[in-house]
Amino acid sequence: MAKINMRQYFDYESCAYTYLLFDPYNKKSVIIDPVLEQFERDMETVKKLNLELIGILETHVHADHITGAFTIRKKTGTPIYYGSESGVQGADFMLNDGDCIHVGQFEIKTI
1 MAKINMRQYF DYESCAYTYL LFDPYNKKSV IIDPVLEQFE RDMETVKKLN LELIGILETH
61 VHADHITGAF TIRKKTGTPI YYGSESGVQG ADFMLNDGDC IHVGQFEIKT I
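Everything in the sequence shown is counted per the UniProt record's numbering, starting at 1 for the first residue and increasing by one.
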């Protein structure tokens, strides 16, 4: 059985983690909780791994750092996903408990 690949990154200034999940076979990927100051690092990783970024997932509204989600969307057209109870405006999709996002042959289920 295939396994989804994950890269975890830490931003020392904001003490925030970012995750890049991808299907190694068809190269579909999502980035979770991107930090604005790490935009270049994240996009370079996507390019280096020859990935197709299909979603930007935000797990919560970040008081500890400025999200990179809107910059990534502006530069790449990749849609942003937020939880429906976050109160965020400007996301492309609002997720509810139990909703699923397909990343290649894998599925991410919200809780």
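Think of the CB as a built atom: it goes at the ideal place given N, C-alpha and C, for glycine as much as any other residue.
Item: Alpha carbon of residue 68 to alpha carbon of residue 77, nearest angstrom; Value: 13 Å
Item: Extent of the continuous alpha helix (DSSP H) to which residue 69 belongs; Value: 69–76
Item: Which listed residue (90, 83 and 8) has its alpha carbon closest to that of residue 96; Value: 83
Item: Residues that residue 29 bridges to, as DSSP identifies them; Value: 22 and 53
Item: Cα-Cα separation between residue 100 and residue 57, rounded to whole angstroms; Value: 12 Å
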